[in-house]
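Inspection log for the structure reproduced underneath, given as structure tokens.
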Amino acid sequence: MSDATPTPTATPERPQLPAQSPPVDPAETAVASDKAASAGKLSWWRGDGGDGAKRNLGLIGVLAALIVVGAVTKPDLYGDPNWVWNNVLAILQLASVVGVVTVGMTFVIIGGGIDLSVGAIVALAGVWCTTVATQSYGAGGMIFTALVVGICVGLVNGVLISYGRLVPFIATLAMLVAARGLAASISNKQTQVSSSTFINDIAARKVIGIPILVYILGAVVLAGWVVLNRTTFGRRTIAVGGNPEAARLAGINVRRHTMLLYALSGLCCGIAAIMLTSQATSAQAAMANLYELDAIAAAIIGGTLLSGGRGTIVGSLLGVIIFATITNLFAINGLSIEAQNMVKGGIIVAAVLIQQFKFKSVTRLLARNRVTTAT
Amino acid sequence: MTQHSRDLSRRRLLFGGAAVGAATLLTACTSNETPAASTQTKAAGNSEGNNAPGKKVVIGFSAPAADHGWMGAIHANAKAQAAAYSDVEFKEVDGGSNSEAQRSTLGTLIAQKPDIIVVLPHDGKEVNAVALQAMQAGIPIVNLDRAFPDALASRLVIKGDNYGMGVSAGHFIGKMLKDKGVANPVIGEIAGLEIPLTVERSEGFKAALATYGFKVTNRRSAEFTSDSGQREASQLLQALPKIDAVWNHDDDQGIGVLAAIKQANRSEFFMVGGAGSKLAIDAIKADNTVLKATVTYNPSMASSAVSLARLIAQGRGMGDLTELQVPKEVTLASETITKENASSYDKLGF
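Heads up: the protein sequence lines correspond to chains A and B, in order. Mind the numbering: the first sequence is residues 793 to 1167 in this note's numbering, read in order. Mind the numbering: the second sequence is residues 716 to 1065 in this note's numbering, read in order.
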């Protein structure tokens, strides 16, 4: 791949600030919000607001390669178009729950944080919505409970991090342990079977040949994309993650915004909990094991910068689908889970290495750019 | 809207949300009744006077924190069996979530000098040293399920038969397929978390199938949870468009496996479960799913461990055996529960 050099823009643009923000000293922002500014300047090259088209093309290439591997290793299965269509749906269904969690995670990471508690929140929300008490209110009560529990736990994370000034890593790590503990005590340490046919049918039903879970994933991804790329909330998220101090000077309530990001992640976990409960027709404290790793890995592969300020929803979605495709490929060839995990690990490392090199070269280009335009 | 009123309405919203959340929390806590503890014990007075009250003994108990139906049943069974004896004082310490936590709580238990301790270790190897220390201090150890590598570390080992589970499942599947006259069967296996006991189960399964000339076509490992069971089963079904039989290692994870089978609309095969949960026994009895049998790995072993610990502490033997002392090792048999015998296993379902 050749590195496309961005054409120098005539004047360096300031970061797009929210309309209602008070005037700030331009000099300060220029120095401070380096990353946020570059995101705006290079947006044509990067596509949707952050990273974008080029990287996503690379990911689609990886996906295509995986499909070719599948077709070569199992020609008899891939020869049947009916089976292939079903397998595409199976992969999307496999990606759906983690995908929803990853959308929330992408927001948190772009905003400069990390949420290690997502798996535990999914388990807690799932277990809570399948307790005898909430099940007696029917499917509506269960869905409501899962969403409320997700948002509340996310808010607790957010408050601890923004106002309690805990490092996100520590706060969400603590929540990881605590939420699973609470889930275990609520569930009486038993697998809670869902008796709601409505909930159980969500995963079993299809509309126009496509499983409902895939529609839910699509809706969440679309909503995530709109919020990140077309709203003030999204622009603020990128600004806060890129440089919190600059964002604060630009009039963004950084603390409140950070808190909301964790609540958003919690909401996604609540949605995922309903989906997972529906798939497994039950919930238990140990479910959604290691979802935090899957979600973080997918976001990073999708081009989200772990230090914040950059990332795309489409990239994250592609990351999740690539992981699901690998799992599917290994299952279809009857290969062991150990080998699968090794390959996954390798892919994560490779993606981060590529990202680092790329990002370095981009910042170098930017630095050169600034010098030429300044003189 | 003025800034003030906007603040106010936001505050209202937050308060409202908090109130709703609190209400949900309260209802969930108050009305989620603990289902009547169903435990497996042996009724008093039917085995040669072993149940007659004897010397008063204190039995210590340590097992990993229950994160799963089977482990929950282990805790409940031990407690209930101890309560069935008037001469037993039961002292349970928190086994924590890892070997280190278990070692430290076991240390405090040893310091209290109970007459005997029943231990289900996180990992036999990692808790071995503490058990050895207790034995040296004169407190006998009953090693439940996960064996210590050192024979000196326990007075009695009572455990389930993981290899035997695989063998039972393999024989059931092998025989069914032979009877049906299937020549080259497609056999799927959904294993649990890849730990030594799972590997033993799979080896037993492989060995038993080999006696019929069969082998496993595709093996996926889940994590003993229903969501991972669903995930792996859906992938297995995708990989094998036509299946003859499936062995799923664990009935808890089997809830998800059955859900995946239903979601994929498949029913051309039969399935064997593992452990013997109440749900699985009910499903086998009802005979309306692909689940036709399950092989036992029963948490009733915790009840038996407490009973035997009591006898050891009191210096008594087992009523039906000729020996004057309790044997050194007991391995439960892995039984096969089918539609025919399901009702007699009702009392052991957990």
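All C-beta atoms, glycine included, are put in the ideal place defined by N, C-alpha and C. This structure is a prediction, so every number in the text was calculated from the model and none was measured.
Next on the checklist: Closer than 9 Å between beta carbons: that is the criterion. Which residues of the stretch 984-1008 of chain B meet it against chain A?
Outcome noted: 992 and 994
Checklist entry - Going along chain A in order, which residues have a C-beta closer than 8 Å to the C-beta of residue 953 (chain B)? => result Mapped onto the second sequence, residue 953 (chain B) falls at position 238. Those are 878, 879, 882, 1120, 1123 and 1124, listed as they occur along chain A.
Item to check | Contact between the stretch 777-788 of chain B and the stretch 1036-1048 of chain B (3+ Cβ pairs under 8 Å) | outcome: no
Checklist entry - Can at least three beta-carbon pairs, one atom from the stretch 864-874 of chain A and one from the stretch 1072-1089 of chain A, be found at a separation below 8 Å? => result no
Checklist entry - Near residue 798 (chain B), what residues of its chain come up, given a Cβ to Cβ distance below 8 Å and the 5 sequence neighbours on each side ignored? => result If you number the second sequence from 1, residue 798 (chain B) lands on position 83. In its chain, beyond the 5 residues on either side, 805 have a beta carbon closer than 8 Å to the beta carbon of residue 798 (chain B).
Checklist entry - Can you list the alpha helix (DSSP H) stretches of 4 or more residues lying completely in the stretch 1028-1094 of chain A, in chain order? => result Counting only runs of 4 or more, we get 1036-1041, 1046-1072 and 1083-1093.
Next on the checklist: Any contact between the stretch 1101-1108 of chain A and the stretch 988-1005 of chain B? By contact I mean 3 or more CB pairs, one from each, below 8 Å.
Outcome noted: no
Item to check | Rounded Cβ spacing between residue 888 (chain A) and residue 1008 (chain A) (contact assumed at less than 8 Å) | outcome: Against the first sequence, residue 888 (chain A) aligns to sequence position 96. Against the first sequence, residue 1008 (chain A) aligns to sequence position 216. Sure, about 7 Å apart at Cβ, within 8 Å.
Checklist entry - Between residue 860 (chain B) and chain A, is there a C-beta pair that is closer than 7 Å? => result Taking the first residue of the second sequence as position 1, residue 860 (chain B) is located at position 145. Not one chain A Cβ lies under 7 Å of residue 860 (chain B).
Item to check | Short CB-CB distance (under 7 Å) between residue 933 (chain B) and chain A | outcome: Locating residue 933 (chain B) in the second sequence gives position 218, counting from the first residue. Closer than 7 Å: yes.
Item to check | For residue 806 (chain B), the first and last residue of its enclosing beta strand (DSSP E) | outcome: As a position in the second sequence, residue 806 (chain B) is number 91, starting the count at 1. Counting along the chain, the beta strand (DSSP E) containing residue 806 (chain B) begins and ends at 803-809.
Checklist entry - In the DSSP assignment, what residue or residues form a beta bridge with residue 962 (chain B)? => result Taking the first residue of the second sequence as 1, we reach residue 962 (chain B) at position 247. In DSSP, residue 962 (chain B) forms a bridge with B:904 and B:987.
Item to check | Three-way DSSP call (helix, strand, coil) for residue 777 (chain B) in this model | outcome: Taking the second sequence and counting its residues from 1, one reaches residue 777 (chain B) at position 62. If DSSP states are grouped into helix, strand and coil, residue 777 (chain B) belongs with the strands.
Item to check | Short Cβ contact (7 Å threshold) for residue 909 (chain B) with residue 931 (chain B) | outcome: Stepping through the second sequence from its first residue, residue 909 (chain B) is reached at position 194. Stepping through the second sequence from its first residue, residue 931 (chain B) is reached at position 216. At least 7 Å separates the beta-carbon of residue 909 (chain B) from that of residue 931 (chain B).
Checklist entry - Name the DSSP bridge partner or partners of residue 935 (chain B)? => result Locating residue 935 (chain B) in the second sequence gives position 220, counting from the first residue. Answer is B:905.
Checklist entry - Roughly how many whole angstroms lie between the Cα atoms of residue 976 (chain B) and residue 945 (chain B)? => result Counting from 1 along the second sequence, the entry for residue 976 (chain B) is found at position 261. Counting from 1 along the second sequence, the entry for residue 945 (chain B) is found at position 230. When rounded, the distance between both Cα atoms is 8 Å.
Item to check | Interface flag, residue 981 (chain A) vs chain B, CB-CB below 7 Å | outcome: Here the question's residue 981 (chain A) lines up with position 189 in the first sequence. With 7 Å as the cut-off, residue 981 (chain A) counts as an interface residue toward chain B.
Item to check | Residues that residue 985 (chain A) contacts on chain B, provided the C-beta gap is smaller than 8 Å | outcome: For the purposes of this step, residue 985 (chain A) is taken as the residue at position 193 of the first sequence. Correct list: 970 and 994.
Checklist entry - Span of the beta strand (DSSP E) holding residue 1020 (chain A)? => result Mapped onto the first sequence, residue 1020 (chain A) falls at position 228. Note, residue 1020 (chain A): premise wrong, no beta strand (DSSP E); alpha helix (DSSP H) at 1004-1022.
Next on the checklist: In this structure, how does DSSP classify residue 1143 (chain A) when only helix, strand and coil are distinguished?
Outcome noted: Residue mapping note: residue 1143 (chain A) aligns to position 351 of the first sequence, counting from 1. Correct three-state label for residue 1143 (chain A): helix.
Next on the checklist: Does residue 984 (chain A) come out as helix, strand or coil in the three-state DSSP assignment?
Outcome noted: Indexing the first sequence from 1 puts residue 984 (chain A) at position 192. In this structure, residue 984 (chain A) counts as strand in the three-state DSSP scheme.
Item to check | Spatially closest choice to residue 775 (chain B) from B:849, B:906 and B:1010, by CA coordinates | outcome: As a working mapping, residue 775 (chain B) is identified with position 60 in the second sequence. Considering only alpha carbons, the answer is B:849.
Checklist entry - Using 8 Å as the Cβ pair cut-off and three pairs as the minimum, do the stretch 949-958 of chain B and the stretch 970-985 of chain B touch? => result Verdict: yes, contact present.
Next on the checklist: Please list the terminal residues of the continuous beta strand (DSSP E) segment that includes residue 859 (chain B).
Outcome noted: The residue labelled residue 859 (chain B) in the question sits at position 144 within the second sequence. 856-859 is the extent of the beta strand (DSSP E) around residue 859 (chain B).
Checklist entry - What is the residue span of the alpha helix (DSSP H) that residue 918 (chain B) lies within? => result In the second sequence, residue 918 (chain B) corresponds to position 203, counting from 1. That run of the alpha helix (DSSP H) goes 911-925.
Next on the checklist: So residue 938 (chain B) contacts chain A; which residues on that side make the cut at Cβ distance below 8 Å?
Outcome noted: One-based indexing of the second sequence puts residue 938 (chain B) at position 223. Under the 8 Å cutoff, chain A gives 1078 and 1081.
Checklist entry - If you draw a straight line from the C-alpha of residue 870 (chain B) to the C-alpha of residue 900 (chain A), how long is it? => result As a working note, residue 870 (chain B) is residue 155 in the second sequence. As a working note, residue 900 (chain A) is residue 108 in the first sequence. Those two C-alpha atoms are separated by around 54 Å.
Checklist entry - What is the DSSP secondary structure of residue 962 (chain A), reduced to helix, strand or coil? => result Counting from 1 along the first sequence, the entry for residue 962 (chain A) is found at position 170. Looking at residue 962 (chain A) - three-state DSSP - the assignment turns out to be helix.
Item to check | Cβ-Cβ separation, residue 886 (chain A) to residue 1116 (chain A) (assumed contact under 8 Å), whole Å | outcome: Here residue 1116 (chain A) is taken as the residue at index 324 of the first sequence, counted from 1. Here residue 886 (chain A) is taken as the residue at index 94 of the first sequence, counted from 1. Between residue 1116 (chain A) and residue 886 (chain A) the beta-carbon gap is near 4 Å, inside 8 Å, which marks them as a contact.
Checklist entry - Cβ atoms of residue 1140 (chain A) and residue 855 (chain A): under 7 Å apart, would you say? => result Position 63 of the first sequence, counted from the start, is the residue given in the question as residue 855 (chain A). Position 348 of the first sequence, counted from the start, is the residue given in the question as residue 1140 (chain A). Contact: no.
Checklist entry - By the 10 Å Cβ neighbour count, where 16 or more other Cβ atoms means buried, how is residue 800 (chain B) classified, buried or exposed? => result On the second sequence, position 85 is the one that residue 800 (chain B) refers to. Buried, since its Cβ has 16 or more Cβ neighbours within 10 Å.
Item to check | C-alpha gap between residue 1148 (chain A) and residue 919 (chain A), whole angstroms | outcome: Mapped onto the first sequence, residue 1148 (chain A) falls at position 356. Mapped onto the first sequence, residue 919 (chain A) falls at position 127. Cα to Cα, residue 1148 (chain A) sits roughly 39 Å from residue 919 (chain A).
Checklist entry - Name the chain B residues whose beta carbon is nearer than 7 Å to that of residue 1168 (chain A)? => result The structure shown does not extend to residue 1168 (chain A), since chain A spans only 793 to 1167, so no value can be given for it.
Item to check | Three-state secondary structure (DSSP) of residue 1007 (chain B) | outcome: The residue you call residue 1007 (chain B) lines up with position 292 of the second sequence. Note: residue 1007 (chain B) maps to strand in three-state DSSP.
Checklist entry - Could you check where the alpha helix (DSSP H) with residue 881 (chain A) kicks off and where it finishes? => result The sequence position of residue 881 (chain A) within the first sequence is 89, counting from 1. Per DSSP, residue 881 (chain A) belongs to the alpha helix (DSSP H) from 873-902.
Checklist entry - So what does DSSP say about residue 825 (chain B), is it helix, strand or coil? => result Your numbering for residue 825 (chain B) matches position 110 in the second sequence. Reduced to three states, the DSSP call for residue 825 (chain B) is helix.
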